[in-house]
Amino acid sequence: SQTIHQWPATLVQPVGSPLSLECTVEGTSNPNLYWYRQAAGRGLQLLFYSVGIGQISSEVPQNLSASRPQDRQFILSSKKLLLSDSGFYLCAWKALTGAINEQFFGPGTRLTVL
Amino acid sequence: SQQGEEDPQALSIQEGENATMNCSYKTSINNLQWYRQNSGRGLVHLILIRSNEREKHSGRLRVTLDTSKKSSSLLITASRAADTASYFCATGFQGAQKLVFGQGTRLTINP
Numbered sequence: 005s006q007t008i009h010q011w012p013a014t015l016v017q018p019v020g021s022p023l024s025l026e027c028t029v030e031g032t033s034n035p036n037l038y039w040y041r042q043a044a045g046r047g048l049q050l051l052f053y054s055v056g057i058g059q060i061s062s063e064v065p066q067n068l069s070a071s072r073p074q075d076r077q078f079i080l081s082s083k084k085l086l087l088s089d090s091g092f093y094l095c096a097w098k099a100l101t102g103a104i105n106e107q108f109f110g111p112g113t114r115l116t117v118l
Numbered sequence: 047s048q049q050g051e052e053d054p055q056a057l058s059i060q061e062g063e064n065a066t067m068n069c070s071y072k073t074s075i076n077n078l079q080w081y082r083q084n085s086g087r088g089l090v091h092l093i094l095i096r097s098n099e100r101e102k103h104s105g106r107l108r109v110t111l112d113t114s115k116k117s118s119s120l121l122i123t124a125s126r127a128a129d130t131a132s133y134f135c136a137t138g139f140q141g142a143q144k145l146v147f148g149q150g151t152r153l154t155i156n157p
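Here the protein sequences line up with chains A and B, keeping their order.
For the first sequence, position 17 matches number 21 in this note's numbering, and the numbering has no gaps at all.
For the second sequence, position 43 matches number 89 in this note's numbering, and the numbering has no gaps at all.
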C-alpha cells in the first residue's frame with residue numbers, strides 16, 4: 005500500500021533563517037506531488053506541484069521554492085523565512101495516470117516563524 | 047483564487063442528527079471531491095462525484111451535484127462525535143493536474 009511521509013512534524017524557525025521540508029511517498033511510481041499551505045482555520049492554498057522529476061509548477065509567487073530530486077521525493081525550501089510563512093504545510097500525491105483523481109495527504113508540518 | 051466556497055463556515059449539531067454542508071463553485075468542472083480534516087492532521091479523501099453524476103453514496107455520506115447551479119452538498123446522516131472535523135470540497139478540471147479547495151466547513155458534533 006502507499007504511504008506518504010513528511011518531516012519534521014513541527015518546526016520553529018527565526019525570521020531570516022532557511023527552510024527545508026521534505027516529503028516522500030512509498031508504494032507508487034510516477035506520482036504527481038503537491039505542496040499546500042494552510043493558514044489557521046482556513047482552506048488550502050496550492051503552492052507547487054510536480055508531474056515528474058525536475059518538473060515544478062509554481063502557483064503563487066513568493067519566497068518559497070520546491071524541488072523534486074527523485075521520483076518520490078518533494079522538497080519545499082526557502083533561503084530566508086518571513087513571518088508570513090508560518091502555517092501548516094501539507095504534501096500530497098496523486099496517481100499520474102488512470103481514472104483515479106483523489107489526492108492523498110501526508111500528516112503535515114506545522115511551521116512557526118518568530 | 048478559491049473556486050469552491052463552503053456554506054456554512056461552521057456547523058454545530060447534536061449527535062444523531064444529520065449534517066448538511068454545501069459547496070458552490072464558479073467554473074465548469076470535471077469532478078468534485080469532498081475531504082475531511084481532523085484538527086492538526088492531513089486531509090482524508092471521502093468521496094468523488096463526476097460532472098455527469100448527480101448523486102453518490104458512501105456509507106453514511108451522501109453527495110449531490112447540480113452542475114446547472116454549480117453547487118454540491120454533503121450530507122452526513124446519523125452523526126457521531128467522531129465526525130467532528132473540517133470538511134472541504136475540491137474541484138477538478140479536465141486535463142488539469144491540480145484541485146482547487148474551498149475554505150471548509152467546521153463541523154462539531156455535540157454528545
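We put the CB at the ideal spot given by N, CA and C, even for glycine.
The model shown is predicted, which means the values in this text are computed figures rather than measured ones.
Span of the beta strand (DSSP E) around residue i
i: Leu121 of chain B; result: Ser117 to Ile122
i: Ala70 of chain A; result: Leu68 to Gln74
i: Asp129 of chain B; result: Here Asp129 of chain B belongs to no beta strand (DSSP E), and DSSP marks it neither H nor E.
i: Glu68 of chain B; result: The sequence given here has Asn at residue 68 of chain B, not Glu. Its beta strand (DSSP E) spans residues Ala65 to Ser70.
i: Glu52 of chain B; result: Glu51 to Asp53
i: Asn84 of chain B; result: Element bounds for Asn84 of chain B: n/a, residue is neither H nor E.
i: Val16 of chain A; result: Thr14 to Gln17
i: Gly91 of chain A; result: Gly91 to Lys98
i: Ser61 of chain A; result: Gln59 to Ser62
i: Leu86 of chain A; result: Run containing Leu86 of chain A: none; DSSP gives neither H nor E here.
i: Leu115 of chain A; result: Thr113 to Val117
i: Gln10 of chain A; result: Thr7 to Trp11
Cβ pair residue i, residue j closer than 7 Å
i: Gln60 of chain B; j: Ala136 of chain B; result: no
i: Trp39 of chain A; j: Leu87 of chain A; result: no
i: Ser58 of chain B; j: Ser117 of chain B; result: no
i: Ser97 of chain B; j: Ile122 of chain B; result: no
i: Leu111 of chain B; j: Tyr133 of chain B; result: no
i: Ala70 of chain A; j: Phe92 of chain A; result: no
i: Gln17 of chain A; j: Gly110 of chain A; result: no
i: Leu48 of chain A; j: Phe147 of chain B; result: yes
i: Val19 of chain A; j: Leu85 of chain A; result: yes
i: Gln143 of chain B; j: Asn34 of chain A; result: no
i: Thr130 of chain B; j: Ile155 of chain B; result: yes
i: Ser113 of chain B; j: Glu52 of chain B; result: Here the sequence assigns Thr to residue 113 of chain B, which means Ser is not the residue at that position. Result no, Cβ atoms of Thr113 of chain B and Glu52 of chain B do not sit closer than 7 Å.
i: Gln107 of chain A; j: Ala96 of chain A; result: yes
Beta bridge counterpart(s) of residue i as assigned by DSSP
i: Glu101 of chain B; result: B:Thr110
i: Asn77 of chain B; result: B:Arg96 and B:Gly138
i: Leu23 of chain A; result: A:Ser82
i: Leu57 of chain B; result: B:Leu153
i: Gln77 of chain A; result: A:Thr28 and A:Gln74
Short of 9 Å Cβ to Cβ, which residues in the stretch 25 to 39 of chain A face chain B? Asn36 and Tyr38
Residues in the stretch 69 to 90 of chain B having any Cβ partner in chain A nearer than 9 Å: Asn76, Asn77, Gln79, Tyr81, Gln83, Gly86, Arg87, Gly88, Leu89 and Val90
Would you list, in chain order, the members of the stretch 54 to 83 of chain A that have their beta-carbon closer than 7 Å to a beta-carbon of chain B? Val55
At a CB distance below 7 Å, what residues from the stretch 12 to 24 of chain A approach chain B? Give them in sequence order. none
Taking only runs that begin and end inside the stretch 31 to 55 of chain A, name each unbroken alpha helix (DSSP H) of 4 or more residues, in chain order. none
Tell me which residues of the stretch 134 to 149 of chain B have at least one Cβ-Cβ distance to chain A shorter than 7 Å, keeping chain order. Phe134, Gly138, Gln143, Lys144, Leu145, Phe147, Gly148 and Gln149
Could you list the residues in the stretch 88 to 111 of chain B with a C-beta less than 8 Å from some C-beta on chain A, going in chain order? Gly88, Leu89, Val90, His91 and Leu94
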